[in-house]
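Chains as they are written, first to last, in this note's numbering: chain A, 12 to 333; chain B, -18 to 259; chain C, 4 to 350. C-beta atoms are modelled at their ideal positions from N, C-alpha and C, and glycine is treated no differently. To keep things clear, I will list the structure first and then write my remarks on it.
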Amino acid sequence: MSDIEQRIRDEAKRALTERGAACVIGFRQGRKPWRVTPHFATTPEHAEKLVWNNACAANLATYIIAAPKPVAVVLKGCDARALVTLLQEHQVERDQVHIIGVPCAGMIDLERLEPRNSATWETVTGLDGDSAEVVVTAGGKEYRVARAEALLARCRACAHPTPAVYDILVGDPIDPAVVETERYARLAEIEGMAPLARRQYWLEQFERCIRCNACRNVCPLCYCRECIADLREPRFVARQPNPEDNFLFQCVRAWHAAGRCVDCGECERACPMDIPLRDLGRKLEKELRDLFGYEAGMDCESAPFLAQFADSDEEKSAAGRE
Amino acid sequence: MSTPRNPYLPSSARIEEVRVETPDTKTFTVVFCDDAGRDDFAYRPGQFAEVSVFGVGEAPFSITSTPTRKGFLEFSIKRMGRVTSALHEMIGGEQIGVRGPYGNSFPVQEWKGRKLFFIGGGIGLAPLRSVINYCLDNRADYGDIEVIYGARSPADLVFKPELEQWAQRQDLKLHLTVDAGNEEWHGRVGFVPALVTELNPSPANVITITCGPPIMIRLVLQGLAQLGFSDEQIVTTLEMRMKCGIGKCGRCNIGRSYVCVDGPVYSLAQIKALGSEH
Amino acid sequence: MPDYVIAKDKAAAWLRRLGEKYAIYAPAADGIAFARTTDYASALQPSGNTRRPPKEMFLPAGQMMLIFRQGEQGMQVTEVAPESVASGPRLLVGVRPCDAAALSLLDLVFSENYSGYEDPFYRAARAATPVISLLCAEPLEGCFCGDAPAVDLASPAADVALVDLGDRYFAEARSETGQQLIAAGEGLFAAASDADRKARDQLAADLKARTTEGLPLAGLREKLRGLHDSPRWRELAQQCLRCGVCSFLCPTCHCFDIQDEVVGCAGYRYRCWDTCQFTDFTLMTSGENPRREPPERLKQRICHKFEYLPDRTEMVYCVGCGRCVRLCPAGLDVRETIEELSGVHAP
């Protein structure tokens, strides 16, 4: 068991017994050693079940608002930035959440590991942060892949591996490994398309969308009790999946997340249809940087971006820039 | 046109008359546009229909008329959402869709020879009116008929002309009450459940049928239990959100029972067997 | 019904002949859904399963039911002919035994026996679309079809059931239509031998052994009766994100919504997939919602599949396909839920 895992357990128990936490949100092991599932520990015995490895991809910040308070929660770099946005928007108060911060070198995309059929996997090693390789044993054979290649796409572009806010850090801070410009490499492709082709591209992507709302529900920042897409009167978005309304739904979501989205990438991970949802959020994030030099989820003391105005903010329309 | 094979296809119908019952409730008299639609629609008291306002949507409404009076249907509808608001804009002559009849019905055959005690509150009188009038049209089949009906205020009483007719009848005892009276009201003031207890009906050979707001039902059931009524003697209608009305879309179930197919009429004994707190 | 074998290199020829009459749908290369194909050589894939279940060929994610037009003589309402769900005869190739069993379960729900009415759209789609199943060579993680009472791996509920015997496919005709499909491959098939049958049985038994975890799917029915007030639902619901992934991708889930859409002076009524997990599933216009809280909705999902539907049909509405296990964004595992609720493991 890794050192980080033990420290998480210890800190969780301390939070429950000494800091008055009603609940600790972390991960426990799933049915296979390499699968994890969110865990809500309310006793020290429960806290013993907490685990930590590089399959802990889910953003636990999404459970904070509904959790009994005060709540302790295990957060990676991306997760913590989402919490910063929640704090800025007063969806939770700082003294109600005890942040167990975990510096994260990236989560493994289990789907990228060979052999693809995980029913045949016997063991998976290298899920801790230290090994250079992830090794899958299946049918007596070993399949190796370099850590960097096994990571989730969003982790390969991660600029903030260490939580921006925490009460306790259970590992050594990690510096980002990514080159800034690589974050937006995929966007350049889409930006290069002529408008009609771009529209066609997106409608093709959204042909597959089944309107399961996984993207919305997994997002820590989509916390509206009544979502505009669910309204019956007036009805803005048809319930029936169709590319136009599906795309409209996503655009509305992206705009509602503008200035708030931290690119934790959960929307894309949750999507059962492999739709490249991060691209929309990141496009807006890129515009924000270019226009205002702003990055979401870094400073929990400051006001939300759309509630700020500086004299240096220029009046520019995106249309004018094209 | 023969019987529609497609149960999702409504028959065309027309609003013939609109009567204002209360500030938010209207009764719509509906006739089918063609004979086939009308002939296919043989209903029993307690059943409901899915009424379409094309372009707005479809909603289930209990049929408040009795099948013993032919040639038309009546729905009493409270203005609440999209479909009901659209209906409330209608003045007569508009075309709507009707499909059904769906659901089970009041077990009027089993009630023959028994005393019937109806307890209604507010718009809850609408499904009861269907079976009350049915029983009145088959009066000899039933014993004493007593109706308790109450509403929040005199303005909220529905079917006022009919209530006056019932009050005149010798073969039906009508007790009206309102939660709060006004200057013109000279009748009883008080809550329906209190009136039930005050009347102290004997449970011998009686079926009691109740329909109204949830809080009224809860208190009425308590009162009836204290009076010694068994769960089998108490009948009510349940509501759930419905879409298909034919037991396919999976949403109106309470436990294993689909309200659109196995209900909406249930005895209290059946409801308890479903194990819900509904 | 008789059994046959067809050499693998002849199977593509068989599908080509069938392709003259049917539009053939097979799992697409990206593994998302069944798609129209003319690449008959690759249609039969040894393993894997589509994200979107083949139920969508019969109960589409969105489906027009009727069209209305405001004309001079009033509102004209026309049904969308149920037969038009398929523009011609279709053939599903490579459906897994779990999904084939699921279609039988859907057949029950949409039949007249079940609720007094037959669903004409579903029936027309089924009538127009024979199914050729193919046993998986390997299970996926999450698969537990071996525990699902509705699933017969050796002889699944398809028109023709194929099993890969190495250099040839075992082909069992399970219906009249299946017979006709095989007859279209005249000259390509040979009669199956006892050895072939044995090999088929062994492969099915092997796969069943690998996908059997001892989960008491049928026994859960009685357990659930006593658990309606259990605090366990609240605990499970903490994790659940109330999205539609499990229900929409489940091959036996069939709940749908009905809505109207207006286009100018005309419009249409459609039905679309819905899920008991959404907050507004049972939300009435009055504002009342019998299942307002997430634990009640999670209870509905589990009880509908493992208690209520079995009470109505004597069939368990889970075929162990594993999609919900693999794709739940919150990492909920229905196998864990089944075990806990059955008292097999402590929570």
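Alpha-carbon spacing of residue i relative to residue j, whole angstroms
{"i": "C/Thr278", "j": "B/Gly124", "result": "47 Å"}
{"i": "B/Thr191", "j": "B/Gln28", "result": "15 Å"}
{"i": "A/Met284", "j": "A/Arg219", "result": "6 Å"}
{"i": "A/Ala149", "j": "A/Ser129", "result": "9 Å"}
{"i": "B/Leu108", "j": "B/Lys59", "result": "Residue identity check: residue 108 of chain B is Pro in the sequence provided, not Leu. Distance between the alpha carbons of B/Pro108 and B/Lys59: 13 Å."}
{"i": "B/Leu117", "j": "B/Gly52", "result": "18 Å"}
{"i": "B/Gly228", "j": "B/Gly18", "result": "22 Å"}
{"i": "C/Asp167", "j": "B/Ala250", "result": "55 Å"}
{"i": "C/Leu1", "j": "C/Ile341", "result": "Here chain C comprises residues numbered 4 to 350, so residue 1 of chain C is not present and cannot be evaluated."}
{"i": "C/Ala16", "j": "C/Lys24", "result": "14 Å"}
{"i": "C/Val80", "j": "C/Leu138", "result": "45 Å"}
{"i": "C/Met60", "j": "A/Val82", "result": "46 Å"}
{"i": "B/Gly105", "j": "C/Gly149", "result": "51 Å"}
{"i": "C/Asp260", "j": "A/Asp141", "result": "50 Å"}
{"i": "A/Arg236", "j": "A/Gly292", "result": "21 Å"}
{"i": "B/Met197", "j": "A/Gly270", "result": "50 Å"}
{"i": "A/Cys16", "j": "A/Glu153", "result": "Note that residue 16 of chain A is Glu in the sequence shown, not Cys. Their backbone Cα atoms lie some 26 Å apart in a straight line."}
{"i": "C/Val8", "j": "A/Gly151", "result": "33 Å"}
{"i": "C/Asp12", "j": "C/Arg19", "result": "12 Å"}
{"i": "C/Glu141", "j": "A/Ala72", "result": "37 Å"}
{"i": "C/Lys201", "j": "C/Ala174", "result": "13 Å"}
{"i": "A/Arg127", "j": "A/Trp45", "result": "14 Å"}
Assumed close pair residue i, residue j - CB separation to whole angstroms, cut-off 8 Å
{"i": "A/Ile119", "j": "A/Asn70", "result": "Actually they do not touch by this definition, with Cβ atoms about 16 Å apart."}
{"i": "B/Val89", "j": "B/Val112", "result": "7 Å"}
{"i": "B/Ile215", "j": "B/Val177", "result": "That belief does not hold up - the Cβ atoms of B/Ile215 and B/Val177 are roughly 11 Å apart, past 8 Å."}
{"i": "C/Ser136", "j": "C/Ala89", "result": "Going by Cβ atoms, the distance from C/Ser136 to C/Ala89 rounds to 19 Å, so no, they are not a contact pair."}
{"i": "A/Ala93", "j": "A/Leu232", "result": "6 Å"}
{"i": "A/Cys373", "j": "A/Gly112", "result": "As shown, chain A starts at 12 and ends at 333. That puts residue 373 of chain A outside it, with no answer to give."}
{"i": "B/Gly62", "j": "B/Ile(-4)", "result": "Their Cβ separation, rounded to whole angstroms, is 18 Å, which puts B/Gly62 and B/Ile(-4) out of contact at 8 Å."}
{"i": "C/Phe147", "j": "C/Gly323", "result": "4 Å"}
Neighbour flag for residue i against chain A, beta carbons, 9 Å
{"i": "C/Phe124", "result": "no"}
{"i": "C/Ser50", "result": "yes"}
{"i": "C/Ile35", "result": "yes"}
{"i": "C/Tyr273", "result": "yes"}
{"i": "C/Gln303", "result": "no"}
CB contact check: residue i to chain C, cutoff 9 Å
{"i": "A/Glu277", "result": "yes"}
{"i": "B/Thr3", "result": "no"}
{"i": "B/Gln28", "result": "no"}
{"i": "B/Ala136", "result": "no"}
{"i": "B/Gln251", "result": "no"}
{"i": "B/Thr65", "result": "yes"}
{"i": "A/Ala51", "result": "Sequence check: residue 51 of chain A is Phe here, not Ala. For A/Phe51, the answer is yes, since a Cβ of chain C falls inside 9 Å of its Cβ."}
{"i": "A/Ala314", "result": "no"}
{"i": "B/Gly124", "result": "no"}
Paired residues, beta bridge with residue i - DSSP
{"i": "C/Gly74", "result": "C/Gly77"}
{"i": "C/Arg93", "result": "C/Ala26"}
{"i": "B/Ser43", "result": "B/Phe29"}
{"i": "B/Val11", "result": "B/Ile(-4), B/Leu54"}
{"i": "C/Phe192", "result": "C/Ile9"}
{"i": "C/Ala164", "result": "C/Ser136, C/Glu175"}
{"i": "B/Gly38", "result": "B/Val34"}
{"i": "B/Thr218", "result": "B/Val246"}
{"i": "B/Tyr83", "result": "B/Phe29"}
{"i": "C/Arg224", "result": "Answer by DSSP bridge pairing: none, since C/Arg224 is not bridged."}
{"i": "B/Pro234", "result": "Per the sequence shown, residue 234 of chain B should be read as Asn rather than Pro. B/Tyr239, per the DSSP bridge assignment."}
{"i": "B/Cys192", "result": "B/Gly101"}
Any C-beta of chain B under 9 Å from that of residue i
{"i": "C/Thr285", "result": "yes"}
{"i": "C/Leu69", "result": "yes"}
{"i": "C/Leu106", "result": "no"}
{"i": "C/Gln262", "result": "yes"}
{"i": "C/Pro293", "result": "yes"}
Contained alpha helix (DSSP H) runs [length at least 4] in the stretch 84 to 159 of chain A, N- to C-terminal order:
Along the stretch 84 to 159 of chain A, the alpha helix (DSSP H) occurs as fully enclosed runs of 4 or more residues at 88 to 99, listed in sequence order.
Of all the beta strand (DSSP E) runs that stay within the bounds of the stretch 16 to 68 of chain A, which reach a length of 3 or more residues?
34 to 40, 47 to 52
Run through the stretch 123 to 161 of chain B for me and flag every whole beta strand (DSSP E) of 3 or more residues, listed as ranges in chain order.
126 to 132, 154 to 159
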